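These notes concern the structure reproduced below.
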Amino acid sequence: MSTSGTPSKQRRTAEHWQKIVERVRTSLASGYVHKLFEDDYFIFELIKLLYQDSVESNVKIEILSAIEQYGSGVLPTNSVDQSVSALLDVFRSIHSAQGQLSVATQLLITVTTIFIENEELMETGLCSTFTSQLVDLISKVNEVAWRRLRGCACQCLVQLETTRPGLLWKWHEVFIKLVKEERTDVGQDYMYLLICVSNFVNQVESSGQHGTREEQSCREEKELLPAISHIMDNVFYLSPAGLSTIACHVVNVLKRCPAIPATVFKPLVLQCLSSLDPCVISLTLYIQGEFHGEIISEKEERVLVQRALQFVRNANVSTNTRLFIAQCLMEYMEKSYSPALATSWKEAILPTIFDPIDVHTCKLDFAVRCCGQGSDSDVSTELHYLTQLAETTGSVRITCSLYHALFSHVTQNCSEEVASLVLSITRKLFQNFPHLIPVIVNFLQAVKRSRSHEKLHEEIVSLLHETVLSLPLKSLLTNYENFLQVWLLSAQDSAMLQQRPLRRLLDLVKEAACDVTDDWGLGCMVLSVCRAVMLHHHTDILYWQLGDLLSYMMNHYGDFDIRDQARFLYAFLTMTSDAKSKEIIGAAVLDGMHLGENIADFFHGSTIQTVPAEIHLLDSSPIKLCRERLEVVYHKDPEKTFRSPSPDIDATAALQEYYEELSHLNTSLKCTFSASLVTESNYDCLVAVAFETGESKELDFSEDVSLVFLDKTESGVVEYSITPKVPGEATMSLRAVFGHDKSTYQCDLDLIQFQLADFLVPFPWHVFNIADKKAFFDQHWLKCTEKNAGTFSGVESIKILKCPRRGLAEVWSNALVLSGSEEESDADDYLFFIPPRFHLMFHARTHATDLVLHIASDYWPTLGQLDQLLDNFTA
Numbered sequence: 001m002s003t004s005g006t007p008s009k010q011r012r013t014a015e016h017w018q019k020i021v022e023r024v025r026t027s028l029a030s031g032y033v034h035k036l037f038e039d040d041y042f043i044f045e046l047i048k049l050l051y052q053d054s055v056e057s058n059v060k061i062e063i064l065s066a067i068e069q070y071g072s073g074v075l076p077t078n079s080v081d082q083s084v085s086a087l088l089d090v091f092r093s094i095h096s097a098q099g100q101l102s103v104a105t106q107l108l109i110t111v112t113t114i115f116i117e118n119e120e121l122m123e124t125g126l127c128s129t130f131t132s133q134l135v136d137l138i139s140k141v142n143e144v145a146w147r148r149l150r151g152c153a154c155q156c157l158v159q160l161e162t163t164r165p166g167l168l169w170k171w172h173e174v175f176i177k178l179v180k181e182e183r184t185d186v187g188q189d190y191m192y193l194l195i196c197v198s199n200f201v202n203q204v205e206s207s208g209q210h211g212t213r214e215e216q217s218c219r220e221e222k223e224l225l226p227a228i229s230h231i232m233d234n235v236f237y238l239s240p241a242g243l244s245t246i247a248c249h250v251v252n253v254l255k256r257c258p259a260i261p262a263t264v265f266k267p268l269v270l271q272c273l274s275s276l277d278p279c280v281i282s283l284t285l286y287i288q289g290e291f292h293g294e295i296i297s298e299k300e301e302r303v304l305v306q307r308a309l310q311f312v313r314n315a316n317v318s319t320n321t322r323l324f325i326a327q328c329l330m331e332y333m334e335k336s337y338s339p340a341l342a343t344s345w346k347e348a349i350l351p352t353i354f355d356p357i358d359v360h361t362c363k364l365d366f367a368v369r370c371c372g373q374g375s376d377s378d379v380s381t382e383l384h385y386l387t388q389l390a391e392t393t394g395s396v397r398i399t400c401s402l403y404h405a406l407f408s409h410v411t412q413n414c415s416e417e418v419a420s421l422v423l424s425i426t427r428k429l430f431q432n433f434p435h436l437i438p439v440i441v442n443f444l445q446a447v448k449r450s451r452s453h454e455k456l457h458e459e460i461v462s463l464l465h466e467t468v469l470s471l472p473l474k475s476l477l478t479n480y481e482n483f484l485q486v487w488l489l490s491a492q493d494s495a496m497l498q499q500r501p502l503r504r505l506l507d508l509v510k511e512a513a514c515d516v517t518d519d520w521g522l523g524c525m526v527l528s529v530c531r532a533v534m535l536h537h538h539t540d541i542l543y544w545q546l547g548d549l550l551s552y553m554m555n556h557y558g559d560f561d562i563r564d565q566a567r568f569l570y571a572f573l574t575m576t577s578d579a580k581s582k583e584i585i586g587a588a589v590l591d592g593m594h595l596g597e598n599i600a601d602f603f604h605g606s607t608i609q610t611v612p613a614e615i616h617l618l619d620s621s622p623i624k625l626c627r628e629r630l631e632v633v634y635h636k637d638p639e640k641t642f643r644s645p646s647p648d649i650d651a652t653a654a655l656q657e658y659y660e661e662l663s664h665l666n667t668s669l670k671c672t673f674s675a676s677l678v679t680e681s682n683y684d685c686l687v688a689v690a691f692e693t694g695e696s697k698e699l700d701f702s703e704d705v706s707l708v709f710l711d712k713t714e715s716g717v718v719e720y721s722i723t724p725k726v727p728g729e730a731t732m733s734l735r736a737v738f739g740h741d742k743s744t745y746q747c748d749l750d751l752i753q754f755q756l757a758d759f760l761v762p763f764p765w766h767v768f769n770i771a772d773k774k775a776f777f778d779q780h781w782l783k784c785t786e787k788n789a790g791t792f793s794g795v796e797s798i799k800i801l802k803c804p805r806r807g808l809a810e811v812w813s814n815a816l817v818l819s820g821s822e823e824e825s826d827a828d829d830y831l832f833f834i835p836p837r838f839h840l841m842f843h844a845r846t847h848a849t850d851l852v853l854h855i856a857s858d859y860w861p862t863l864g865q866l867d868q869l870l871d872n873f874t875a
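Residues in the sequence shown are numbered consecutively from 1, following UniProt numbering.
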């Protein structure tokens with residue numbers, strides 16, 4: 001490629017692309033780069049730069065990276081396919097050019113990301129073109145100069161296959177051939193691509209083939225066994241990371257395809273028994289755990305486990321590696337637990353004082369699991385080292401490790417010895433190290449979630465509760481952040497009495513007021529306890545204690561925010577029922593429900609009668625509302641399904657079944673408006689803009705909509721759900737109420753008009769699962785035009801249009817039922833659905849130069865509104 005032109009023109013071109021790149025970099029720094037890609041033409045400006053020789057490769061990569069990271073998900077739908085086509089054209093022109101390998105690689109990654117972010121593109125021919133181009137690229141096996149680009153193409157194909165399983169299955173045999181031929185270092189990428197495609201064989205089988213499970217298994221074995229066998233014969237050429245990834249995919253394939261024996265892993269497992277690579281050892285444990293007893297013998301299994309245990313015991317190995325292998329061993333033990341093996345494992349992995357704390361804790365956890373459910377073990381001896389460390393140092397990290405080990409014992413075997421040890425340790429740590437209380441509370445919460453250990457939880461909470469009650473006020477006040485957590489926990493137990501803690505809290509607040517330490521933090525902790533008491537206890541028996549505490553805090557506490565919160569709780573205590581206060585406080589504390597009404601409505605009366613704000617009426621509206629979109633939304637009973645007419649079902653019965661299902665269909669129109677301020681308006685910014693709909697005989701509307709603010713720089717979006725009562729012309733009246741400059745204003749907006757064309761919807765075949773469209777149309781036509789004992793089910797008319805048949809078909813293409821049958825090559829049928837549940841049908845036939853339009857409908861007022869709509873075609 002070369003850039004032609006005079007030096008001045010080349011200089012202007014360089015300045016132009018430099019400005020664009022600088023614009024992208026500035027937007028990246030400010031965090032608004034995605035806004036650039038919302039412009040339909042900006043991405044094409046960037047793509048033009050990719051053709052310029054004067055643009056350096058690193059700048060091109062920077063541009064492609066920006067498109068990948070920030071533009072792939074926000075590109076306008078009307079330009080995304082054109083963008084992909086343009087990028088592919090760039091790739092064809094540069095992928096073989098000298099020095100453009102890095103750009104071509106990044107370009108493939110960018111295009112793949114766009115396909116993944118815009119899944120609708122996966123269904124287009126553009127995706128087929130791209131995948132074919134990638135397959136052609138990787139077909140150039142053993143070309144060393146292109147190996148990096150071929151490896152990238154393999155990874156792109158993997159991502160596409162992961163996004164849409166089965167996309168690449170038709171190239172399965174091709175991939176097997178390529179894997180066998182490739183001899184460079186990217187052969188690992190080829191293997192990964194092959195196993196990823198094979199991993200989705202079940203989806204392809206279930207959607208495209210039929211037969212018994214035995215027949216399907218034979219097909220799977222025939223199609224997959226060659227690929228699996230070749231991969232397993234060549235896994236020794238892979239890196240440890242590549243081996244782990246590919247082997248895990250093979251495991252998934254074997255799980256889905258029982259016809260392939262797990263013994264394909266035996267050479268790999270035997271080869272890895274002597275490995276010292278932690279990644280390989282963890283992989284071997286995983287494979288053996290998934291197919292326990294099918295790959296290697298018990299003797300070989302002992303060798304594998306001993307090799308893993310050596311890693312955990314070896315002090316020269318890093319702590320993270322030892323923890324990783326220990327975790328793999330625990331998962332393996334859960335899948336293949338054997339009492340005899342577990343006992344030997346426990347003896348081999350007992351912790352020592354030279355182990356780091358994390359490894360020590362992990363070994364204890366492993367030893368507990370080796371004991372099995374309900375087994376006896378000397379808990380105090382096993383935990384002696386950690387217990388002594390925690391009781392001596394008071395270290396938070398060591399205490400966390402200790403309680404982690406205690407929790408393992410509690411969940412595995414909560415005997416009297418374990419419960420007694422937990423109580424003893426907790427009492428000592430609680431009294432000597434108050435800063436460890438959060439750790440103890442977390443342990444108690446975990447125990448409480450385990451329903452089978454509620455008794456132990458109650459014993460520990462009761463012990464801590466009484467201990468805090470016995471502390472002097474000065475000690476409580478000095479360390480209230482920790483001690484009050486105990487009362488907060490005990491307040492959540494409905495069986496624990498709360499009179500004494502509430503009186504003690506009142507004394508604590510008064511003591512803090514005397515010392516001028518009644519700050520916001522203390523107030524929040526005290527009110528949290530009060531909320532928990534009101535939520536979990538009957539307030540009638542705690543009325544005086546709780547009332548005295550809240551009354552003192554709302555009148556005398558040093559922080560005004562705490563006073564307001566105390567007044568809020570006091571109002572619920574004195575003015576609402578116990579059940580109602582629990583409902584509201586539970587919603588506030590748990591944030592799990594919305595009240596849907598004003599808090600003041602829950603009280604018997606308001607203490608202050610406020611005067612409502614004056615509303616100023618405006619003659620003209622400063623707000624302009626423009627209709628943007630009108631979308632149809634169907635709400636259908638999922639239990640109702642429509643069977644399409646068949647020879648075994650009478651046509652009349654099938655039509656009755658359809659109308660029965662139609663009675664369960666709710667159709668609404670989602671109408672989107674853009675709200676903006678009139679340019680000539682004196683109002684620059686409105687706040688709390690509420691739109692209210694008026695009464696309408698033709699339409700039902702959803703709830704009123706509001707905007708937080710509206711200014712002249714940006715329009716707002718207003719959406720209404722509209723349900724037609726009767727089809728046809730309708731009017732929607734709106735008024736707006738808003739705030740401006742500390743005043744409230746109200747104005748009427750321009751009427752929104754709806755015509756019959758707005759309600760004409762192409763018949764939703766997908767909603768009713770109708771297969772034979774022609775038969776369905778004919779049944780409806782007969783129903784609307786047939787006379788039954790002097791009565792009509794519908795109405796019929798005719799209209800002659802001066803327009804070509806093709807022009808009508810292009811406009812009404814979505815409603816076309818059948819076009820040009822063999823018998824009537826000059827006729828078309830159209831079917832429209834008119835919400836809420838009516839139909840409009842057209843049979844168009846060419847006659848000389850005119851188009852004769854036969855019309856039928858089950859709602860006769862529609863015909864009176866059709867002339868204007870149809871005359872537009874003649875015009």
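Yeah, the Cβ is synthetic: ideal placement off N, Cα and C, and Gly gets one too. As the structure is a prediction and not an experimental result, all values here were calculated from the model.
{"query": "Taking only three categories from DSSP, how would you classify histidine 556?", "result": "helix"}
{"query": "Answer with buried or exposed for glutamine 106, where buried requires no fewer than 16 other C-beta atoms within 10 angstroms of its C-beta.", "result": "buried"}
{"query": "Between which two residues does the alpha helix (DSSP H) harbouring phenylalanine 768 extend?", "result": "765–768"}
{"query": "Within a Cβ cutoff of 6 angstroms, which residues of the same chain sit near glutamate 391, ignoring the five residues on either side of it in sequence?", "result": "Lys428"}
{"query": "Between isoleucine 325 and proline 278, which are expected to be in contact by the criterion C-beta below 8 angstroms, what is the C-beta distance as a whole number of angstroms?", "result": "6 angstroms"}
{"query": "Report the option in Trp487, His292, Leu473 and Val422 whose CA atom is closest to the CA atom of lysine 455.", "result": "Val422"}
{"query": "Kindly indicate the opening and closing residues of the beta strand (DSSP E) around residue 883.", "result": "One cannot answer for residue 883 here, as it falls past the ends of the chain, which runs 1 to 875."}
{"query": "Expressed to the nearest angstrom, what Euclidean distance is found between the alpha-carbon atoms of isoleucine 585 and leucine 535?", "result": "7 angstroms"}
{"query": "What residue range is occupied by the uninterrupted alpha helix (DSSP H) comprising glycine 187?", "result": "187–198"}
{"query": "When DSSP labels each residue in this structure, what does proline 76 get in the three-state scheme?", "result": "coil"}
{"query": "DSSP has leucine 699 in a bridge; who is on the other side?", "result": "Pro724"}
{"query": "Considering only the beta carbon of each residue, do tyrosine 192 and isoleucine 246 sit closer than 9 angstroms?", "result": "yes"}
{"query": "For tyrosine 745, which residues does DSSP report across the bridge?", "result": "His616 and Phe738"}
{"query": "Curious, which full-length alpha helix (DSSP H) runs of at least 4 residues does the region 135–190 contain?", "result": "147–163 and 172–181"}
{"query": "Histidine 635 bridges to which residues according to DSSP?", "result": "Asn666"}
{"query": "Can you tell me the Cα-Cα spacing of tyrosine 859 and threonine 723, whole angstroms?", "result": "17 angstroms"}
{"query": "For threonine 862, does the count of other Cβ atoms within 10 angstroms reach 16, so buried, or fall short, so exposed?", "result": "buried"}
{"query": "Give the single residue among Trp544, Lys510, Gln746 and Cys685 whose Cα lies nearest to the Cα of glutamate 614.", "result": "Gln746"}
{"query": "When you compare the CB positions of leucine 669 and arginine 837, do they come within less than 9 angstroms of one another, or not?", "result": "no"}
{"query": "Would DSSP call glycine 716 helix, strand or coil?", "result": "strand"}
{"query": "Within 10 angstroms of its Cβ, does arginine 369 collect 16 or more other Cβ (buried), or is it exposed?", "result": "buried"}
{"query": "Could you check the C-alpha separation between threonine 467 and leucine 707 for me, to the nearest Å?", "result": "54 angstroms"}
{"query": "Whole-angstrom Cβ separation of leucine 710 and leucine 734, contact assumed at under 8 angstroms?", "result": "Contact flag wrong, Cβ pair sits at about 14 angstroms."}
{"query": "Please confirm if the region 308–325 is in contact with the region 268–275, defined as three or more CB-CB distances below 8 angstroms between the two stretches.", "result": "no"}
{"query": "How long is the line joining the alpha carbons of histidine 465 and histidine 360, rounded to whole angstroms?", "result": "32 angstroms"}
{"query": "Measuring alpha carbon to alpha carbon, tell me which of Ala848, Ser797, Arg845 and Leu477 ends up nearest serine 857.", "result": "Ser797"}
{"query": "Within a Cβ cutoff of 7 angstroms, which residues of the same chain sit near proline 434, ignoring the five residues on either side of it in sequence?", "result": "Asn479, Asn482 and Phe483"}
{"query": "Report back the beta-carbon spacing between threonine 539 and leucine 550 to the nearest angstrom; my notes put them in contact at under 8 angstroms.", "result": "About 11 angstroms separates the two Cβ atoms, so there is no contact after all."}
{"query": "Would lysine 266 and histidine 230 qualify as a contact pair, given that the criterion is a beta-carbon distance under 9 angstroms?", "result": "no"}
{"query": "Are there any heavy atoms of the ligand MN lying less than 8 angstroms away from the beta-carbon of serine 30, as far as the coordinates show?", "result": "The ligand MN is not part of this structure, which contains no ligands at all."}
{"query": "Assign glycine 864 to one of two classes, buried (16 or more other C-beta atoms within 10 Å of its C-beta) or exposed (fewer than that).", "result": "exposed"}
{"query": "Tell me methionine 841's beta-bridge partners as DSSP assigns them.", "result": "Leu831 and Ala856"}
{"query": "Does the distance from the C-beta atom of isoleucine 349 to that of phenylalanine 366 stay below 9 angstroms?", "result": "yes"}
{"query": "Is the separation between the beta-carbon of isoleucine 109 and that of valine 84 shorter than 9 angstroms?", "result": "no"}
{"query": "Quick one: residues in its chain with C-beta nearer than 6 angstroms to the C-beta of leucine 50, no 5 flanking neighbours on either side, listed in chain order?", "result": "Lys60 and Val90"}
{"query": "Excluding the 5 residues preceding and the 5 following arginine 213 in the sequence, name in chain order all residues of the same chain whose CB lies nearer than 8 angstroms to its CB.", "result": "Because the pLDDT of arginine 213 is 49, which lies under 50, any placement of that residue in the model is unreliable, and the question is left without a value."}
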